[in-house]
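Asks:
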Amino acid sequence: MAGDSSRTLSKGSCPPGPVPDGVIRLYSMRFCPYSHRTRLVLKAKGIRHEIININLKNKPEWYYTKHPFGQVPVLENNQCQLIYESVIACEYLDDAYPGRKLFPYDPYERARQKMLLELFCKVPQLTKDCLVALRCGRDCTELKATLRREFCNLEEILEYQNTSFFGGSRISMVDYLFWPWFERLDVYGLSDCINHTPMLQVWMATMKQDPTVCALLIDKGIFLGFLNLYFQNNPNAFDFGLVY
1 MAGDSSRTLS KGSCPPGPVP DGVIRLYSMR FCPYSHRTRL VLKAKGIRHE IININLKNKP
61 EWYYTKHPFG QVPVLENNQC QLIYESVIAC EYLDDAYPGR KLFPYDPYER ARQKMLLELF
121 CKVPQLTKDC LVALRCGRDC TELKATLRRE FCNLEEILEY QNTSFFGGSR ISMVDYLFWP
181 WFERLDVYGL SDCINHTPML QVWMATMKQD PTVCALLIDK GIFLGFLNLY FQNNPNAFDF
241 GLVY
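Numbering (full-length UniProt numbering), first residue to last: 1 to 244.
1. Using alpha carbons as the reference points, say which of 225, 193, 204 and 238 lies closest to residue 152.
2. Is the beta carbon of residue 75 less than 7 Å from the beta carbon of residue 96?
3. For residue 84, report the span of its beta strand (DSSP E) as first-last.
4. Can you look up residue 25 in the DSSP assignment and give me helix, strand or coil?
5. Could you tell me the boundaries of the beta strand (DSSP E) in which residue 74 lies?
6. With DSSP collapsed to three states, give me the class of residue 231.
7. Taking its Cβ as the centre, do 16 or more other Cβ atoms sit within 10 Å of residue 217, making it buried, or is it exposed?
8. By alpha-carbon positions, which one of 140, 168, 124 and 129 ends up nearest to residue 179?
9. If we ignore side chains and look at the alpha-carbon of each, how far apart do residue 167 and residue 239 end up?
10. Which residues in the same chain have their Cβ closer than 8 Å to the Cβ of residue 101, if we skip the five residues on either side of it in sequence?
11. Give every residue of the same chain whose Cβ lies closer than 6 Å to the Cβ of residue 42, excluding the five residues on either side of it in the sequence, and list them in chain order.
12. In the DSSP assignment, what are the bridge partners of residue 9?
13. Are residue 15 and residue 62 closer than 7 Å when you measure CB to CB?
14. According to the Cβ coordinates, are residue 242 and residue 7 closer than 7 Å?
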């Protein structure tokens, strides 16, 4: 079965065959934070899966039958059912598969985690905007100041809760859904944006001790190589670091 180290499929490629029994398929991209969310949940729950990586700068024609805009992640099961949007995909995996539930059973606690996601919602776009500005040599002082304010809001949540994780005393769905953007702060050149948030720093250190998070950490050198090619508009960026 294809894994996360498989080369991307691009324009002109043949579509993959049916999803095998007992497996769920993830259409992904190795460096995408939204796909990272879904891979974390698959790993945390021990779900048998295969990964088909998609070249997002040279998308296969057939991929638009999986997602109307050609985005990742997309889940596909052996009934040809398609699930996309990362939070929805992760919730589907949590509900459809056995094992420890990552979202709480309690309706209030589940709602509270979703409210935390709303508080987090500006962070993905802000980190992307900061990255693009830095890579293009533009001033990003105001963008970084805005990002710091968002991190201050999250710091206040941890202070108020006085817990190791956003979901409570143990790692849960909301922590995995936040994590991909925090893992990328260093490689994006934005690690100074959490200098003023000590509890967030402790949370990050604690997250890195989680076996699921550790298993999916991306080598910084490979990530930088991807970014260098990506910002040169090189379609080979998505396969950077793979052995041909």
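C-beta atoms are modelled at their ideal positions from N, C-alpha and C, and glycine is treated no differently.
Computed from a prediction, not measured in an experiment: that's the story for all the values here.
Replies: Per the coordinate set shown:
1. 193
2. no
3. 82-84
4. strand
5. That run of the beta strand (DSSP E) goes 74-76.
6. In the three-state scheme derived from DSSP, where H, G and I count as helix and E and B as strand, residue 231 is classed as coil.
7. exposed
8. 124
9. 35 Å
10. 94
11. 49
12. DSSP lists 54 as partners of residue 9.
13. yes
14. Note that the C-beta distance between residue 242 and residue 7 is below 7 Å.
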